[in-house]
Amino acid sequence: MTLGQAEGAVTLPGVISSHMVLQRDRPVPVWGWADPEEEITVEFGGATAKGKANEQGSWRVVLPAMKADRIGRGMTIRGKNTIQLDDILIGEVWVASGQSNMEKPLGPAIGQTPCNDWKEEVSAANFPQIRLLEMLPRDAEEPASDADCDWLPCSPQNIMVQRGRGAGYSACAYFFARKLHRELKVPIGMIAASVGGTRCESWTPGRDGRLFNGMIAPVTPMAIRGAIWYQGESNVGDGLRYATRMQALIEGWRKAWGYEIPFYFVQIAPFSGYSSGSLPVLWEAQVNNLKIPKTGMVVTTDLVPAISDIHPVNKIDVGERLALWALAKVYKTDVVFSGPIYKSMEVEGDKIRLSFAHVGGGLKSRDGNPLVEFEIASADGEFVTATATIEGDAVVVQSREVTVPVNVRFGWSNEAYPNLVNKEGLPASPFQTKDWKGGTGE
């Protein structure tokens, strides 16, 4: 018996409740439990779907795809008993998951500094067309069919609701939803499912996926648009193996939902507490995942005022940069959505010319100073600090100490604070040219 079941009565999972948002322009599954062979009727928005519970008492019906609707409507589920849900909207539904930087709320949390301007942001968080659902931390040996959760309209009070060990709703997820809502003018439903200190394997369907089983599996029958992801701090020691593990997670989620959901993730932030040199290799693994279709990556090297803080306080830009990927790729908005990503190199005598994807309106220095964090090496592999100059959409790198250059690297440090951006202000991702296999997300 699941959390939502009761002997002899039609029941629903926690993710189907009043105040929810249904995904627009996709068939809408509604499911639950009842007596075996019990006939079920679901009515919503002028549409009716009928079905029958199977021998185990599970049932599922599908309502037709519907356009976005900002007016809250009722849903009626009838069997031997009747359930009435209220204030249901139709819009865009996204899942937000990961570890503590996705879990981080706007306000105070144990061991963390609150987000920038958190009091003002909480006071302004009055968006009744944004609906928030938070999954309680829960692991399970097998995929769960239900979870203890409720949809809440976004308000200053609800964004600070403390559930489980949380101290409020995910700041990244909120700022992502707010940006989409402001740009698309449709309701947004956000499903937050994050647990601090967790590895990606625990979120991957399969043998080790206990958090997937407990927190993601109950949501997979639901129609959604896509997912955003902020995780990797607990996998820093994995190096390039992280790319394979994340590919398994992305493919596993897409299989669970039954279609190729867009998956946009955050490149984790610089932090002085990692083992020396470990973070750039994880960054490389994350860029490698851009080769997977319908993925995108947000760079955060410019958003870390204190590299000794593993939980950077600027989550506005993180959430809004994630939203830029969705706006450009899913909703076909004409917007620059990524900072420069290394594409190729060409040796020109004692110089190396670097080409980039996502130059936007052109390359520039974020602070107006000469470009920093570039290094160059000859065949001996010894990197030295280099001079880097913007020439059109390329960067030319050289050093008097290297007359026959072979490789360049950029931002290749746990504490990197580079200043190469495009004219839209989005930062370039760290890279090394040697054996580079990264994607570009183009």
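For the sequence shown, the numbering used here assigns the number 115 to the initial residue and increments by one for each residue that follows.
We put the beta carbon where it would ideally sit given N, CA and C, even for glycine.
Simplified DSSP assignment, three categories, for residue i
| i | result |
| --- | --- |
| proline 394 | helix |
| isoleucine 202 | strand |
| aspartate 260 | coil |
| serine 249 | The sequence shown places methionine at residue 249, not serine. Correct three-state label for methionine 249: coil. |
| asparagine 168 | coil |
| arginine 138 | coil |
| leucine 117 | Bear in mind that a pLDDT of 47 at leucine 117, under 50, signals an unreliable position, so the number given afterwards is only what the model happens to contain. If DSSP states are grouped into helix, strand and coil, leucine 117 belongs with coil. |
| glutamine 361 | helix |
| leucine 126 | coil |
| arginine 292 | helix |
| alanine 530 | coil |
| tryptophan 371 | helix |
| isoleucine 197 | strand |
| alanine 287 | helix |
| serine 131 | coil |
Expected contact under 8 Å - CB spacing of residue i and residue j to nearest Å
| i | j | result |
| --- | --- | --- |
| leucine 363 | cysteine 314 | 5 Å |
| alanine 307 | methionine 249 | 4 Å |
| phenylalanine 451 | aspartate 507 | Incorrect: roughly 17 Å between the Cβ atoms, too far for contact. |
| threonine 415 | proline 541 | 5 Å |
| glutamine 213 | glycine 340 | Not quite, the Cβ-Cβ distance comes to about 19 Å (not below 8 Å), so this is no contact. |
| isoleucine 338 | tryptophan 317 | Not confirmed; about 16 Å, so no contact. |
| alanine 440 | proline 394 | Going by Cβ atoms, the distance from alanine 440 to proline 394 rounds to 27 Å, so no, they are not a contact pair. |
| cysteine 268 | leucine 247 | With 8 Å as the limit, cysteine 268 and leucine 247 do not qualify as a contact, their Cβ atoms being about 11 Å apart. |
| alanine 399 | glycine 353 | 7 Å |
| isoleucine 406 | glutamine 361 | 6 Å |
Beta-carbon proximity list for residue i, same chain, < 6 Å, skipping 5 on both sides
| i | result |
| --- | --- |
| isoleucine 204 | Leu136, Arg138, Met180, Ala182, Asp183 |
| valine 418 | Ala383, Pro384, Pro426 |
| alanine 261 | Gly128, Met249, Pro332 |
| asparagine 349 | Arg313, Cys314, Tyr356 |
| glutamate 374 | Arg368, Lys408 |
| arginine 480 | Asn533, Val535 |
| glycine 303 | Val135, Val207, Arg245 |
| valine 522 | Ile466, Ile490, Val511, Thr547 |
Backbone CA spacing between residue i and residue j [nearest angstrom]
| i | j | result |
| --- | --- | --- |
| alanine 493 | proline 544 | 21 Å |
| serine 422 | isoleucine 382 | 14 Å |
| glutamate 434 | lysine 299 | 16 Å |
| asparagine 215 | aspartate 464 | 42 Å |
| valine 412 | lysine 293 | 15 Å |
| tyrosine 456 | tryptophan 343 | 22 Å |
| arginine 252 | valine 129 | 15 Å |
| leucine 177 | methionine 336 | 12 Å |
| valine 144 | glutamate 365 | 24 Å |
| alanine 120 | aspartate 149 | Because alanine 120 carries a pLDDT of 48, less than 50, the predicted location of this residue cannot be relied on, and the following value inherits that uncertainty. Going by the C-alpha atoms only, they are around 10 Å apart. |
| valine 444 | proline 301 | 16 Å |
| isoleucine 202 | glycine 387 | 45 Å |
| serine 458 | threonine 358 | 23 Å |
| glutamate 538 | valine 449 | 10 Å |
| glycine 391 | glycine 525 | 11 Å |
| phenylalanine 158 | asparagine 403 | 40 Å |
| proline 275 | lysine 233 | Before going further, note that residue 275 is valine rather than proline in the sequence given. Using only the alpha carbons, I get a separation of about 15 Å. |
| alanine 502 | arginine 467 | 10 Å |
| proline 319 | serine 259 | 14 Å |
| glutamine 170 | glutamate 152 | 11 Å |
| tryptophan 558 | glycine 555 | For the chain, the structure presents residues 115 to 556; residue 558 sits outside this window and is missing. |
| glycine 553 | leucine 436 | 17 Å |
| tryptophan 173 | serine 131 | 16 Å |
| methionine 189 | proline 484 | 60 Å |
Same chain only: Cβ atoms within 7 Å of residue i, ignoring 5 sequence neighbours per side
| i | result |
| --- | --- |
| valine 486 | Pro532, Asn533 |
| leucine 126 | Gly118, Gly146, Ile191, Ile197 |
| alanine 254 | Arg324, Asn327, Gly328 |
| glycine 453 | Val413, His472, Val535, Asn536, Leu540, Pro541, Ala542, Ser543 |
| valine 175 | Val144, Ile154, Val156, Ala163, Lys164, Gly165 |
| valine 236 | Leu220, Gly221, Pro270, Ile273, Met274 |
| asparagine 240 | Ser269, Pro270 |
| lysine 446 | none |
Contacts around residue i, its chain only, beta-carbon distance under 8 Å, and the 5 residues preceding and following it disregarded
| i | result |
| --- | --- |
| lysine 218 | Gln226, Cys229, Ser284, Ala285, Cys286, His425, Lys429 |
| valine 516 | Asp464, Ile490, Ala491, Ser492, Val498, Ala500 |
| glutamate 462 | Val510 |
| valine 518 | Asp464, Ser492, Ala493 |
| aspartate 322 | Glu315, Ser316 |
| proline 141 | Val176, Leu177, Pro178, Ala179, Ala337 |
| lysine 194 | Gly122, Ala123, Val124, Ala148, Asp149, Glu152 |
- Task: Identify every run of the alpha helix (DSSP H) within the stretch 296 to 357, keeping only runs that are complete inside it and at least 4 residues long; order them along the chain.
- Result: Correct list: empty.
- Whole runs of the beta strand (DSSP E) within the stretch 392 to 470, excluding any shorter than 3 residues: Correct list: 409 to 412, 455 to 462.
- Query: What runs of the alpha helix (DSSP H), each 4 residues or longer, lie entirely inside the stretch 212 to 247?
  - Reply: Taking only runs of at least 4 residues, the alpha helix (DSSP H) segments lying wholly in the stretch 212 to 247 are 214 to 217, 232 to 237.
- Message: List, from N- to C-terminal side, the beta strand (DSSP E) runs of 3 residues or more that fit wholly inside the stretch 145 to 190.
- Response: Listed in chain order, they are 153 to 158, 161 to 166, 172 to 177.
- Message: Report the start-end ranges of each beta strand (DSSP E) in the stretch 467 to 506 that is 3 residues or longer and not cut off at the edges.
- Response: Taking only runs of at least 3 residues, the beta strand (DSSP E) segments lying wholly in the stretch 467 to 506 are 477 to 479, 488 to 491, 497 to 499, 501 to 505.
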